[in-house]
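Enquirer: Quick one: the structure is below, and I'll ask about it shortly.
Chains as they are written, first to last, in this note's numbering: chain Z, 30 to 530; chain L, 61 to 274; chain C, 163 to 469.
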């Protein structure tokens, strides 16, 4: 009963939010829904843990539309945690936003905001669609969910009704819709691969496909995987299909950027993982792993090029997401312990990136610019945000003792274990370049003195806008210091399903 | 009307769209394509001498959505946006048509090299689905008007639909309907976005959406 | 040599100017006018043949040779085309390519003659004619290639015979595509609306007419006569395709074909009355569209759909 509730609660709340006129109760509804969703997710964890230790574990039956397996639960919990943090942050953010038309600080034109009811409603529908992606056990339903995430999130990017966010929204809508349409072709190719002229075909249920891989037609399965990779890869931000990502992430409100980067990209990645799971079961994992490695390293390289000398700090964070999506797909592509590392890294990256985007929102609100060289002395002006900005930077570049160090190291070790020294060298070199590039941007922002005018008019930082990023940052730190056995068991299960050990 | 004739008419609509300079003509062509496609599942089932009621419902939904609702939405956007009624190509009409023919030959060549696990209902299905997909992608990247890009997206979707209906027709109805719902909402949201683009910029020429870059 | 093989050629030579008369009469009637007599083109030809010619001092032999060679090319082309149940006078494997090149030769000579005058108007018309006919030729040849693939014959006469065996019921799809493409080629090659307007005498909009402005007397008669034969030859190809002989009796089939030719002429008259001439930049689009149709037909044939 947990799974349908996970989808229905945000769905109903979202529809309700569209019609609710009063701001206060609507914001309460947002946080309440996020709390209920997190509670249900925790219940799913308990259930999963019990199932793990019980003598007769319950397996997912063939023909199940919605169910939570290890991979689904892992991604769902990051979605849920991030959404809770962002909902709390969002209440503060929406409270600060003006209702009247106000001046855009880049183009100096007047603009107004989207009605808050639409924003909140779409935010909740976005949660519902991401939950659908995480819980669906059918490729068709998964596709429906991923396309729904695009449609629900497009209005979120256009919250500030001005030229640049509109441009970003259009690119996001069109590029992602086309990409996902190609993933639909992947679905049909998979259906061709499973078709058996003698008997009735399966309806593309993941469990069916994984349990009866013998019936799969290898060339068509490979073609299907290719289209899944390109299609969902567009949504996930793998280079060279990432072009929408920096625009959408830099122009949307920071709370939306955090959700797009931390939760949505993972959901798209889950689509690719499902296809990879079938490839592993059918014994063509060499093909899919090779592609994942190539796209992974390619994304890291493209991201490194654009991070060096980036002038806009939100775009820098966006390119960093491209880099980390590359790391995830490289990890899965390496096999072995790499898949374990990728699962862990997905979680670490989501938490860290959400922390960074929320802090970036605080910096943006205080300095009213996204240009790196106009921002100095964040540590002095916003003490807590400044610490989190540096902490987030350490974490995102994989410095110990953060959890990202653990996961990136696991992937490096997998590369060496699998006998791929060239991949390992490239991986390390790109990580080093990105470290240098980001350090050159983040540290000058944090250090130095803010301008006197800004310093005079400084205010205390609001608890609502610093607590969620602080919690995310501490969580990554905690994972780096101690990985609970339940989580290890879960990551092991994910890893085995993805052809690792 | 045979399946072959239907598919060839779909292809002719593609070619006409490549050579057409009027937005409204392209929208009407996409409507015609939608109506033709709604007949496709019925023709395929009738060829096997059976017709399930769920299929009739499915075909009717396609007819209403692709043949009536999408074109009506786009036409409405065209009217409210009150823009220049031309598609503004980046690649000329003549070159586009030549591209269409080349794509067609390429699709036939590719299809001749692919081996389906079970025979297709018509040898035209695979090549024409492939060329419709490619022409849809080409329309998206070669036309500057935002509205025309939506038409290109619909053509792309139609190509995938041909492939799905003819070769993978055992997909559950629930999924098919979900896909249609998503495409419907996509066209709807894109229509709203175009309306806003027109209001903000006084044009819907995506070539001028260039303020975001590195 | 049988008399029957001479029949199509004789019919072509005698009746071709009549088609122009029918087209003009149809246009006049649709326009609510009485119009010239049906035999007006014959009167024009006779009148022109009785006149002398004036040659500019700047022209060379190319200018004088142009009309004669183009007429010769058209007459030779007429010997290759069957009509109704009758075979053509000359037939061999691959004669369809010769047909295309004979028509091309006639056009080349007209173009050269136009350039030889040194007048900018003629030069402009020649340039347009060369460009449009190059596009039309690709549609024409691809369409014929599709027919050759469909019927398995490379001679027009064999193709004609093969089409008689109920080809339309088997591969109507590709034949319909080729017919539409050939119709466009027919209109373009004979400078009819929507590609060119044979009646206009405004140099800026003309294509074919502007090239022959400097010709007079017998030379102009040759050009007019050659153009009418070309109209007949290309029309006959369409009629052969659409009305494949079915009676089995030469005379009856020939009658049907002739009636078809007259109907085609009326159809052209109707098209000219109801459509406007396309803007010059749109013409290549129409012709490439026709090429696309021919190409589609050919690809379908190779895809094994026709049979």
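The beta carbon of each residue, even a glycine, is placed where N, CA and C say it ideally should be.
Closest to residue 185(Z) by C-alpha separation, out of 275(Z), 133(Z), 212(Z) and 280(Z), would be which residue?
Expert: Translated into positions along the first chain, residue 185(Z) becomes position 156. The shortest Cα separation from residue 185(Z) among 275(Z), 133(Z), 212(Z) and 280(Z) belongs to 280(Z).
Enquirer: Assuming the contact rule is C-beta atoms closer than 8 angstroms, residue 185(L) and residue 67(L) should be a hit. Round their C-beta distance to whole Å, please.
Expert: For the purposes of this step, residue 185(L) is identified with residue 125 of the second chain, where counting begins at 1. For the purposes of this step, residue 67(L) is identified with residue 7 of the second chain, where counting begins at 1. That belief holds up - the Cβ atoms of residue 185(L) and residue 67(L) are roughly 7 angstroms apart, short of 8 angstroms.
Enquirer: Any idea if residue 340(Z) is buried or exposed, counting beta-carbon neighbours within 10 angstroms, 16 or more meaning buried?
Expert: For this step, residue 340(Z) is matched to residue 311 along the first chain. By the neighbour-count rule (16 or more Cβ atoms within 10 Å), residue 340(Z) is not buried but exposed.
Enquirer: With a cut-off of 8 angstroms, does the C-beta of residue 68(L) fall near any C-beta of chain C?
Expert: Residue mapping note: residue 68(L) aligns to position 8 of the second chain, counting from 1. Closer than 8 angstroms to some Cβ of chain C, the Cβ of residue 68(L) qualifies, so yes.
Enquirer: By the DSSP assignment, the alpha helix (DSSP H) with residue 62(L) in it spans what residues?
Expert: If you number the second chain from 1, residue 62(L) lands on position 2. Careful: residue 62(L) lies outside any alpha helix (DSSP H) and carries neither H nor E.
Enquirer: Quick one: is residue 41(Z) buried, meaning 16 or more other Cβ sit within 10 Å of its Cβ, or exposed?
Expert: Numbered from its first residue, the first chain carries residue 41(Z) at position 12. Result: exposed.
Enquirer: Using DSSP with H/G/I as helix, E/B as strand and the rest coil, what is residue 294(L)?
Expert: The shown model of chain L, from 61 to 274, leaves out residue 294(L), and the question about it has no answer.
Enquirer: Please tell me whether residue 308(Z) has its Cβ less than 8 angstroms away from any Cβ of chain L.
Expert: Stepping through the first chain from its first residue, residue 308(Z) is reached at position 279. No, because no Cβ of chain L sits closer than 8 angstroms to the Cβ of residue 308(Z).
Enquirer: Grouping DSSP H, G and I as helix and E and B as strand, with all else coil, what is residue 218(L)?
Expert: Within the second chain, numbered from 1, the residue matching residue 218(L) stands at position 158. Helix, per DSSP.
Enquirer: DSSP puts residue 165(Z) in a beta bridge; with which residues?
Expert: Here residue 165(Z) refers to the residue found at position 136 of the first chain. Beta-bridge pairing links residue 165(Z) to 95(Z).
Enquirer: Mind checking if residue 465(C) is an interface residue toward chain L, Cβ cutoff 8 angstroms exclusive?
Expert: For this step, residue 465(C) is matched to residue 303 along the third chain. At least one chain L Cβ lies under 8 angstroms of residue 465(C).
Enquirer: Given that a residue counts as buried once 16 or more other Cβ atoms are within 10 Å of its Cβ, and exposed if not, what is residue 217(L)?
Expert: The residue you call residue 217(L) lines up with position 157 of the second chain. So residue 217(L) ends up on the buried side.
Enquirer: Could you please tell me which residues of the segment 154-168 of chain Z, in chain order, have their CB closer than 8 angstroms to any CB of chain L?
Expert: Cβ contacts with chain L: 167.
Enquirer: Can the beta-carbon of residue 381(Z) be found closer than 8 angstroms to that of residue 259(Z)?
Expert: Position 352 of the first chain, counted from the first residue, corresponds to residue 381(Z). Position 230 of the first chain, counted from the first residue, corresponds to residue 259(Z). No, Cβ-Cβ distance for residue 381(Z) and residue 259(Z) is not below 8 angstroms.
Enquirer: Can you check whether the C-beta of residue 161(L) is within less than 8 angstroms of a C-beta belonging to chain C?
Expert: For this step, residue 161(L) is matched to residue 101 along the second chain. So yes, residue 161(L) belongs to the interface.
Enquirer: Helix, strand or coil for residue 263(L)? Go by DSSP, reduced to three states.
Expert: In the second chain, the residue the question calls residue 263(L) occupies position 203. If DSSP states are grouped into helix, strand and coil, residue 263(L) belongs with coil.
Enquirer: Would you mind working out which of 82(Z), 411(Z), 491(Z) and 367(Z) sits nearest residue 515(Z), comparing C-alpha positions?
Expert: Position 486 of the first chain, counted from the start, is the residue given in the question as residue 515(Z). The shortest Cα separation from residue 515(Z) among 82(Z), 411(Z), 491(Z) and 367(Z) belongs to 82(Z).
Enquirer: Whole-angstrom Cβ separation of residue 400(C) and residue 344(C), contact assumed at under 8 angstroms?
Expert: On the third chain, residue 400(C) is found 238 positions in, with the first residue counted as 1. On the third chain, residue 344(C) is found 182 positions in, with the first residue counted as 1. Correct: roughly 5 angstroms between the Cβ atoms.
Enquirer: For residue 274(L), go through chain Z and note every residue whose CB falls closer than 9 angstroms to its CB, in chain order.
Expert: Counting from one through the second chain, the residue named residue 274(L) turns up at place 214. Chain Z residues near residue 274(L): 275, 335, 339, 340, 341, 344 and 348.
Enquirer: So which of 58(Z), 386(Z) and 54(Z) has the shortest CA-CA distance to residue 494(Z)?
Expert: Along the first chain, read from residue 1 onward, the residue named residue 494(Z) stands at position 465. Looking at the Cα atoms, 386(Z) is the closest of the given residues.
Enquirer: For residue 256(Z), is the classification buried or exposed, using 16 other Cβ atoms within 10 angstroms of its Cβ as the cut-off for buried?
Expert: Within the first chain, residue 256(Z) is the residue found at index 227, counting from 1. Buried: at least 16 other Cβ atoms inside 10 Å.
Enquirer: Just mark residue 403(Z) as buried or exposed, buried being the case when its beta carbon has 16 or more other beta carbons within 10 Å.
Expert: By one-based count along the first chain, residue 403(Z) stands at place 374. So residue 403(Z) counts as exposed.
Enquirer: What are the residues in the segment 75-106 of chain L lying within 7 angstroms of chain C by C-beta distance?
Expert: The residues in question are 75 and 79.
Enquirer: How big is the Cα-Cα spacing for residue 425(Z) and residue 378(Z)?
Expert: For the purposes of this step, residue 425(Z) is taken as the residue at position 396 of the first chain. For the purposes of this step, residue 378(Z) is taken as the residue at position 349 of the first chain. Between residue 425(Z) and residue 378(Z), the C-alpha separation is close to 7 angstroms.
Enquirer: Pull up the CB-CB distance for residue 201(C) and residue 384(C), whole angstroms please, since I reckon it's below 8 angstroms.
Expert: Position 39 of the third chain, counted from the first residue, corresponds to residue 201(C). Position 222 of the third chain, counted from the first residue, corresponds to residue 384(C). Incorrect: roughly 19 angstroms between the Cβ atoms, too far for contact.
Enquirer: Give, in chain order, every unbroken run of the beta strand (DSSP E) that is at least 3 residues long and sits entirely within the segment 334-382 of chain C.
Expert: Runs found: none.
Enquirer: When burial is assigned at 16 or more other CB atoms within 10 Å of the CB, is residue 30(Z) buried or exposed?
Expert: Residue mapping note: residue 30(Z) aligns to position 1 of the first chain, counting from 1. Exposed.
Enquirer: Would you kindly check if the distance between the Cβ of residue 94(Z) and the Cβ of residue 206(L) is under 8 angstroms?
Expert: Mapped onto the second chain, residue 206(L) falls at position 146. Mapped onto the first chain, residue 94(Z) falls at position 65. No.
Enquirer: So, helix, strand or coil for residue 406(Z), using DSSP?
Expert: Against the first chain, residue 406(Z) aligns to sequence position 377. The answer is coil: DSSP assigns residue 406(Z) none of H, G, I, E or B.
Enquirer: Looking at the C-beta of residue 395(Z), does it have a partner C-beta in chain L at a distance below 8 angstroms?
Expert: Walking along the first chain from the start, residue 395(Z) turns up at place 366. No, no contact with chain L.
Enquirer: Give a yes or no on whether the C-beta atoms belonging to residue 267(L) and residue 204(L) are separated by under 8 angstroms.
Expert: What you label residue 267(L) is simply residue 207 of the second chain in a count that begins at 1. What you label residue 204(L) is simply residue 144 of the second chain in a count that begins at 1. Cβ atoms of residue 267(L) and residue 204(L): closer than 8 angstroms.
Enquirer: To the nearest angstrom, how far is it from the Cα of residue 380(C) to the Cα of residue 225(C)?
Expert: The sequence position of residue 380(C) within the third chain is 218, counting from 1. The sequence position of residue 225(C) within the third chain is 63, counting from 1. One C-alpha to the other measures close to 13 angstroms.
Enquirer: Report all residues from its chain with a CB closer than 7 angstroms to the CB of residue 170(L); omit the five preceding and five following residues, and keep chain order.
Expert: Start at 1 with the first residue of the second chain, and residue 170(L) comes out as number 110. For residue 170(L), where only same-chain residues beyond five positions count, the Cβ hits under 7 angstroms are 190.
Enquirer: Which residues of chain L have a Cβ atom closer than 9 angstroms to the Cβ of residue 150(Z), listed in chain order?
Expert: As a working mapping, residue 150(Z) is identified with position 121 in the first chain. Per Cβ cutoff of 9 angstroms: no residues; residue 150(Z) is ~14 angstroms from chain L at best.
Enquirer: For a quick check, are the C-beta atoms of residue 272(C) and residue 212(C) less than 8 angstroms apart?
Expert: Along the third chain, read from residue 1 onward, the residue named residue 272(C) stands at position 110. Along the third chain, read from residue 1 onward, the residue named residue 212(C) stands at position 50. Not a contact, by the Cβ cut-off of 8 angstroms.
Enquirer: Report yes if the C-beta distance between residue 43(Z) and residue 121(Z) is below 8 angstroms; otherwise report no.
Expert: Indexing the first chain from 1 puts residue 43(Z) at position 14. Indexing the first chain from 1 puts residue 121(Z) at position 92. No, the pair does not count as a contact, with Cβ atoms beyond the cut-off.
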